[in-house]
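Novice: So for the sequence shown, this note's numbering puts the first residue at 3; every next one is plus one.
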Amino acid sequence: MYSEKVMDHFRNPRNVGEIEEANGIGEVGNAKCGDIMKIYLDIENNIIKDAKFMTFGCGSAIASSSMATELIIGKTVEDAWELTNKAVAEALDGLPPVKMHCSVLAEEAIHKAINDYRINQGLEPWETKEYHDIHDHVHGH
Ligand code: FES
């Protein structure tokens, strides 16, 4: 039911840990499953120099945060902001529908961390959207 890539990033997650001198930190949780994800960003000259994560959650959340950090390292802040949970799930060769919300956590945590960085820089935080996984859409939220 899980792709090889999900299993790989779950068993050998990339970028686990904290960044002590992080200038953007975002922590999010999902109320339904209780999982928590924290993303640390080290941003220099508008580039994500490093990203690390601590996820207390399911395998899909760990795989999603691992893949998401891989995808944003080296990107501009603007490009990192554009990373959607769908892109994370696609990079993992898909997630089961009931696990899509796990990838939403990664998108949300990155947005929080970027806005934390912007606030630290004295900039206006960017507007976030409402986060839904595919299931929520099906039920018409
Ligand atoms: Fe909630 Fe995966 S089950 S984040």
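Where is the CB? At the ideal position from N, CA and C, for every residue including glycine. Just so it is clear, the structure is predicted and the values come from calculations on it, not from any experiment.
1) Give, in chain order, every unbroken run of the alpha helix (DSSP H) that is at least 4 residues long and sits entirely within the region 13 to 94.
2) How is residue 131 classed by DSSP in three states: helix, strand or coil?
3) With a CB to CB cut of under 6 angstroms and the five nearest residues on each side skipped, what residues in its chain are close to residue 38?
4) Three-state secondary structure (DSSP) at residue 3?
5) Check each candidate in 102, 113, 12, 56 and name the one with the smallest Cα separation from residue 79.
6) Taking the alpha helix (DSSP H) that residue 101 falls in, what are its first and last residues?
7) Going by C-alpha to C-alpha distance, which of 85, 93, 53 sits closest to residue 40?
8) Looking only at its chain, what residues have a beta carbon closer than 8 angstroms to the beta carbon of residue 3, apart from the 5 residues adjacent to it on each side?
9) Under the criterion of a Cβ to heavy atom distance below 7 angstroms, does residue 134 qualify as lining the ligand FES?
10) Can you grab the Cα-Cα spacing for the pair residue 69 / residue 115, in whole Å?
11) Just to check, is the beta-carbon of residue 52 closer than 7 angstroms to a non-hydrogen atom of the ligand FES?
12) Flag this pair as yes or no: are the beta carbons of residue 65 and residue 18 separated by less than 8 angstroms?
13) Just to confirm, is the Cβ distance from residue 45 to residue 75 under 8 angstroms?
Specialist: So, from the listed chains and residues:
1) 61 to 74, 79 to 83, 87 to 93
2) Residue state for residue 131 is assigned as coil, using DSSP reduced to three classes.
3) 31, 58
4) coil
5) 113
6) Segment: none, residue 101 is in no alpha helix (DSSP H) and carries neither H nor E.
7) 53
8) 98
9) no
10) 16 angstroms
11) no
12) no
13) The Cβ atoms of residue 45 and residue 75 lie no closer than 8 angstroms to each other.
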